[in-house]
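Asker: This is the structure I want to talk about, given as structure tokens.
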Amino acid sequence: MLLDSYKIAAHNDDLLKSHSNKLNFTLSEIANAEAIIQKLIDFQIAIPSWALGTGGTRFGRFAGGGEPRSLEEKIEDVGLLHALNNASGAISLHIPWDIPQNYNEIKALAAQHNLKFDAVNSNTFQDQADSKYSYRYGSLQNVNKAIRKQAVDHNIEVIKHGIELGSDSLTVWLADGSNFPGQLNFRNAYENTLESLQEIYEALPADWKLFLEYKSAEPNFYSTTVADWGQSYSYVQKLGDKAKTLVDLGHHLPNANIEQIVSLLLMENKLGGFHFNDSKYGDDDLTAGALKPYQLFLIFNELVEGMDTRGMNHAKDLGWMIDASHNIKDPLEDLLQSVEAIMIAYAQALSVDRKALVQAQAENDVVRAQEILQNAFRTDVRALVAEARLRSGAALRPVELYRQLNVRKELIGERGLKTMATGL
Ligand code: LRH
Ligand code: MN
Ligand code: MN
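Residue numbers for the sequence shown follow full-length UniProt numbering, beginning at 1 and rising by one.
This is the structure in structure tokens:
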């Protein structure tokens, strides 16, 4: 399904007056508003190919219908999002959930929707129908060399798909670990994993990056071999410049100070990128900013400060991606909400009075420092995010237009009610 641009224009025309009033007020409130709008126009967040269908838990799955049945339909769905918000210009594939059959056709379809291919993701947390060995006791860490080799080969295969598609990074997330004390020799598991990662790293093209994602627990519940940022850092440090740590916001032990982790990884030049989502209990994979918007803002605050002091390009130098699962919401609506929340946090962080903050910190003026951050967080920047969309031909209110156009109903008409997308 392709969105007619005149429908977007008509929607924007109807809302223009009320939008202009809000925008003018915001412009009068925020000194660097114009610069913020330009940064928002440039900012893109990749959509994971595995989040376009209804997710589920081990207790059940409640599909809403019209889910994409193929990689082509997933690309079309991301294209829809991008047409609505002009901020979702890339898709991240998880292999083998999504294997491109004909690279040229897939690339042409993506180009038609103005989409790029973001990081490619390997999967050694599930056994594949045609694979010789099982990952029951781990993949890159396995005590059996032949199993490790199978997992390494799979990662190299994923890199090859990525090269064909024009991607430039590989994300490795390992479910490896142990369920019971005594099951694993931690150091052997570490060394095996390092050796396997080194073999994968060797296969990376010169201009590629390898992102090593960490996660505190699940599916293993006693130990995880890449469990936190320190462990990921220890590996990527040994691998080389192309290897970086990937922060998935839902992968920490409760109350972890994620913004501090982000700040230090940036300082070490080892921050690769993000999987955005929100959570209350664990890897809940809920809509970004749904529960802890202040935390999201504080993370962006560190990013903006750390990237600016290092002369980094906000849009290009890190991998920005959503990693969410939608159990009860329409996945496309949920993804639009996540992108919006991320853009709001980013815009608020860009509006922080940095000079004043530096001064307050130098003077140990704790109250002032807190006021500066909270003032930025409490300023309504939604009109700036909407203006960025308006200027790039996208919709002022994407979720509203999505509903007005009955997109889900149309997709159900095209694809049927009982469709099932591959993924989480
Ligand atoms: C693991 C994870 C990782 C996987 C994705 C499906 O919890 O966050 O990024 O690739 O979920
Ligand atoms: Mn993730
Ligand atoms: Mn996760």
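Even glycine gets a Cβ: it sits at the ideal position worked out from N, Cα and C.
1) Taking a contact to mean a Cβ-Cβ separation below 8 Å, would you say Lys242 touches Tyr201 in this structure?
2) May I ask you to report which of helix, strand or coil DSSP gives residue 429?
3) Per DSSP, which one or two residues make a beta bridge with Ile412?
4) Does the region 105–117 come into contact with the region 78–85, if we say contact requires no fewer than three beta-carbon pairs (one atom in each stretch) closer than 8 Å?
5) Between Ser131 and Ser92, how many whole angstroms is the CB-CB distance? I'm expecting something under 8 Å.
6) For my contact list, Lys74 and Asp42 are in at a C-beta cut-off of 8 Å; report their separation, rounded to the angstrom.
7) Quick test of your reading: Ala360 and Ala349, contact by CB under 8 Å. State the CB separation rounded to the nearest angstrom.
8) What are the uninterrupted segments assigned as beta strand (DSSP E) that are 3 or more residues long and contained completely in the region 254–282, given in chain order?
9) Quick check: is any heavy atom of ligand 3 less than 7 Å from the C-beta of His252?
10) Should Leu204 and Thr245 be called a contact, given that it needs their Cβ atoms to be closer than 8 Å?
11) From which residue to which residue does the alpha helix (DSSP H) around Met343 run?
12) Quick check on DSSP: helix, strand or coil for Pro100?
13) Assign Pro331 to buried or exposed, taking buried as 16 or more other Cβ atoms, counted over all protein chains shown, within 10 Å of its Cβ.
14) Compute the Euclidean distance between the alpha carbons of Ser134 and Lys409, then round it to the nearest angstrom.
15) DSSP state of Phe186, grouped into three classes?
16) Out of curiosity, what's the CA-to-CA distance linking Val172 and Lys149?
17) Helix or strand or just coil, what does DSSP make of Arg378?
18) On a Cα-Cα basis, can you pick out the residue from Ser263, Ala9, Phe125, Phe297 that is closest to Asn142?
19) How is Thr171 classed by DSSP in three states: helix, strand or coil?
20) Quick one: measure Cβ to Cβ for Met267 and Gly306, integer angstroms, because I've assumed they're closer than 8 Å.
21) Can you tell me whether DSSP reads Val120 as helix, strand or coil?
22) Using three-state DSSP, classify Asp228 as helix, strand or coil.
23) Does the separation of the CB atoms of Met420 and Gly53 fall below 8 Å?
24) Which value, in whole angstroms, describes the spacing of the CA atoms of Lys329 and Asp323?
25) So, is Leu16 buried or exposed, given that buried needs 16 or more other C-beta atoms within 10 angstroms?
26) Taking all protein chains shown into account, do 16 or more other C-beta atoms lie within 10 angstroms of the C-beta of Arg389, making it buried, or fewer, making it exposed?
27) At 4 residues or longer, and completely inside the region 45–97: list those alpha helix (DSSP H) runs for me, N to C.
Answerer: The short version:
1) Cβ distance < 8 Å, so Lys242 and Tyr201 count as in contact.
2) Here the chain has residues from 1 to 424 only, and residue 429 is not among them.
3) In DSSP, Ile412 forms no bridge with anything.
4) Here the region 105–117 makes contact with the region 78–85; the two share three or more CB pairs at distances below 8 Å.
5) In fact, because the Cβ distance is near 23 Å, the residues do not count as touching under 8 Å.
6) Actually they are not in contact, since the Cβ atoms of Lys74 and Asp42 sit about 25 Å apart, beyond 8 Å.
7) Rounded, the Cβ-Cβ distance is 16 Å, inconsistent with contact.
8) 271–276
9) no
10) no
11) 331–350
12) When DSSP states are grouped into helix, strand and coil, Pro100 belongs to the coil group.
13) buried
14) Taking C-alpha positions only, Ser134 is separated from Lys409 by approximately 41 Å.
15) Three-state DSSP puts Phe186 in a helix.
16) 15 Å
17) Secondary structure at Arg378: helix, using DSSP grouped into helix, strand and coil.
18) Phe125
19) strand
20) 7 Å
21) Here Val120 sits in strand by DSSP.
22) Asp228: coil per DSSP, three-state reduction.
23) yes
24) 15 Å
25) exposed
26) buried
27) The alpha helix (DSSP H) runs lying completely inside the region 45–97 and spanning 4 residues or more are 71–85, given in chain order.
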